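Numbering (this note's numbering), first residue to last: 16 to 392.
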């Protein structure tokens, strides 16, 4: 996260009480001096600080100075420790530099929680606080444009990228670009009050029904299996509680995605299918099956149902699928569905300690329609 340069914080309306915020999986409590060790662990971690506004801290004194600034009570800032139990700090999120009902947001999360929707869940609660409790008119964020994960998070939350400030930020002797994002209160309210719709979808042997909390135990057969998760964005979950927490967050709507259980009769969950990262023009398709359900054509049938829903019901012009290029089985599925390999994004994200490429597949509405006509011919 890049801090806004030269932001004047004077004249801000006083912030409301620094309340503890609760979500489906998180307790966001006010940051405190007891969080210094956890804060230093993040601010001294080179990977966590890769796209931050300053280099990793090399001394506890540097982190203590940052904590002092975060705890200043001048009515312009509120910072919450991100916790799962109300105690142990696993990151933080903040509204700062508030003036004239406008402010900035920032966030950072422990590597142990990344890739599970926690940052989005925390930010949704903070945005609600900023717009509905504090009464702010606008919130903005500056990021390093190379930080695609942060940019994706902001877009899912409803932020608009308003511009790119070229080489305006001095970092370690280099001038870097800054991506500028903004979200207005009325935009947030409109997005928040329109939850994604997940109707029951059917195709061949598959019935896709809305995902439920109770599906977590069945899905752990995939999420707890090292081989099943080999090409997924995060490693397998050793504990079923991790899978239950992930599914609880998804069902609670914290990811803003459309999620279905893959079944054959509307009952037992055999996998998870989703449409996510939605924009006005496109949406991304994803899926996973439990090992016992493979080899029965269920994923392809689920894909057919999702594509019909995306193009016909949602009116999208493009559907995307992003795969690890080594996942040949999944690549075969999306090609069978009509997708075209458009390119490979090299080392686009980090999975554990490995930089991983992403194969980008796309399918356009006219191409999909042509596939349907050929299938009926």
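Don't be surprised by glycine CBs; every beta carbon is placed ideally from N, CA and C.
If you're wondering where the values come from, they're calculated on a predicted model, not measured in any experiment.
Closest to residue i by CA distance: which of the options is it?
{"i": "residue 140", "options": "35, 221 and 86", "result": "35"}
{"i": "residue 173", "options": "233, 185, 46 and 292", "result": "292"}
{"i": "residue 41", "options": "197, 30, 375 and 99", "result": "99"}
{"i": "residue 375", "options": "301, 366, 314 and 389", "result": "301"}
{"i": "residue 261", "options": "231, 288 and 389", "result": "231"}
{"i": "residue 192", "options": "93, 158, 164 and 289", "result": "158"}
{"i": "residue 197", "options": "372, 171, 227 and 123", "result": "171"}
{"i": "residue 68", "options": "122, 280, 90 and 295", "result": "122"}
{"i": "residue 70", "options": "136, 182, 84 and 58", "result": "58"}
{"i": "residue 389", "options": "377, 313, 352 and 366", "result": "352"}
{"i": "residue 313", "options": "242, 109, 221 and 202", "result": "221"}
{"i": "residue 168", "options": "271, 54 and 47", "result": "271"}
{"i": "residue 311", "options": "285, 323, 105 and 290", "result": "285"}
{"i": "residue 144", "options": "200, 229 and 340", "result": "200"}
{"i": "residue 373", "options": "341, 264, 80 and 266", "result": "341"}
{"i": "residue 279", "options": "379, 350 and 216", "result": "216"}
{"i": "residue 205", "options": "330, 146, 359 and 251", "result": "146"}
{"i": "residue 15", "options": "38, 33, 75 and 66", "result": "Coverage of the chain is limited to positions 16 through 392, which leaves residue 15 absent and any answer about it impossible."}
{"i": "residue 54", "options": "31, 80, 32 and 65", "result": "80"}
{"i": "residue 185", "options": "66, 385 and 344", "result": "66"}
{"i": "residue 393", "options": "88, 96 and 338", "result": "The requested residue 393 is not part of the displayed model; the chain covers only 16 to 392."}
{"i": "residue 242", "options": "307, 331 and 264", "result": "307"}
{"i": "residue 355", "options": "297, 370, 378 and 218", "result": "378"}
{"i": "residue 37", "options": "324, 234 and 264", "result": "264"}
{"i": "residue 322", "options": "289, 32, 371 and 258", "result": "289"}
{"i": "residue 382", "options": "350, 259, 365 and 85", "result": "350"}
May I ask you to list the residues that DSSP assigns as paired with residue i?
{"i": "residue 43", "result": "36 and 97"}
{"i": "residue 299", "result": "291 and 335"}
{"i": "residue 176", "result": "196"}
{"i": "residue 276", "result": "224 and 287"}
{"i": "residue 388", "result": "Residue 388 pairs with nothing; no bridge assigned."}
{"i": "residue 313", "result": "Residue 313 is not bridged to any residue."}
{"i": "residue 304", "result": "286"}
Helix, strand or coil for residue i, going by three-state DSSP, please let me know.
{"i": "residue 220", "result": "coil"}
{"i": "residue 162", "result": "coil"}
{"i": "residue 61", "result": "coil"}
{"i": "residue 258", "result": "helix"}
{"i": "residue 51", "result": "helix"}
{"i": "residue 329", "result": "coil"}
{"i": "residue 22", "result": "Confidence at residue 22 is low in this model, with a pLDDT of 41, below 50, so its placement is unreliable and the value that follows should be read with caution. Three-state DSSP puts residue 22 in coil, outside helix and strand."}
{"i": "residue 267", "result": "coil"}
{"i": "residue 383", "result": "helix"}
{"i": "residue 30", "result": "coil"}
{"i": "residue 215", "result": "coil"}
{"i": "residue 324", "result": "helix"}
{"i": "residue 171", "result": "helix"}
{"i": "residue 345", "result": "helix"}
{"i": "residue 281", "result": "coil"}
Using the beta-carbon count (16 or more within 10 Å), is residue i buried or exposed?
{"i": "residue 131", "result": "buried"}
{"i": "residue 316", "result": "buried"}
{"i": "residue 23", "result": "The predicted position of residue 23 is uncertain, since its pLDDT is 42 and thus under 50; a value taken from the coordinates is nonetheless stated next. Residue 23 comes out exposed."}
{"i": "residue 299", "result": "buried"}
{"i": "residue 44", "result": "buried"}
{"i": "residue 437", "result": "Missing from the structure shown is residue 437; the chain here goes from 16 to 392 and no further."}
{"i": "residue 27", "result": "In this predicted model, residue 27 has a pLDDT of only 43, less than 50, meaning its place in the structure is not dependable; the value taken from the coordinates is given anyway. The residue in question, residue 27, is buried, as its Cβ has 16 or more Cβ neighbours within 10 Å."}
{"i": "residue 399", "result": "No answer is possible for residue 399: it lies beyond the span of the chain, which begins at 16 and ends at 392."}
{"i": "residue 327", "result": "exposed"}
{"i": "residue 236", "result": "buried"}
{"i": "residue 190", "result": "exposed"}
{"i": "residue 50", "result": "buried"}
{"i": "residue 274", "result": "buried"}
{"i": "residue 103", "result": "exposed"}
{"i": "residue 362", "result": "exposed"}
{"i": "residue 138", "result": "buried"}
{"i": "residue 295", "result": "exposed"}
{"i": "residue 73", "result": "exposed"}
{"i": "residue 175", "result": "exposed"}
{"i": "residue 109", "result": "buried"}
{"i": "residue 124", "result": "buried"}
{"i": "residue 165", "result": "buried"}
{"i": "residue 182", "result": "exposed"}
Under a CB-based cut-off of 8 Å, is residue i close to chain C?
{"i": "residue 204", "result": "Among the protein chains of the structure shown there is no chain C, as only one such chain exists."}
Any beta strand (DSSP E) of 3 or more consecutive residues that is wholly inside the region 72-113: 93-98, all fully within the region 72-113.
Would you list, in sequence order, the uninterrupted alpha helix (DSSP H) runs of no fewer than 4 residues that lie entirely inside the region 350-381? Runs of the alpha helix (DSSP H) inside the region 350-381: none found.
Runs of alpha helix (DSSP H) lying entirely within the region 228-252, each at least 4 residues, in chain order: Listed in chain order, the complete alpha helix (DSSP H) runs (minimum 4 residues) inside the region 228-252 are 231-238.
Where in the region 116-169 do unbroken runs of the beta strand (DSSP E), each at least 3 residues long, occur, reported from the N-terminal end onward? For the beta strand (DSSP E) assignment, the uninterrupted runs of no fewer than 3 residues enclosed by the region 116-169 are, from N- to C-terminal side, 117-124 and 153-158.
Runs of 4 residues minimum, wholly inside the region 178-206: which ones carry the alpha helix (DSSP H) assignment? Annotation: the region 178-206 contains no complete segment of the alpha helix (DSSP H) (minimum length 4 residues).
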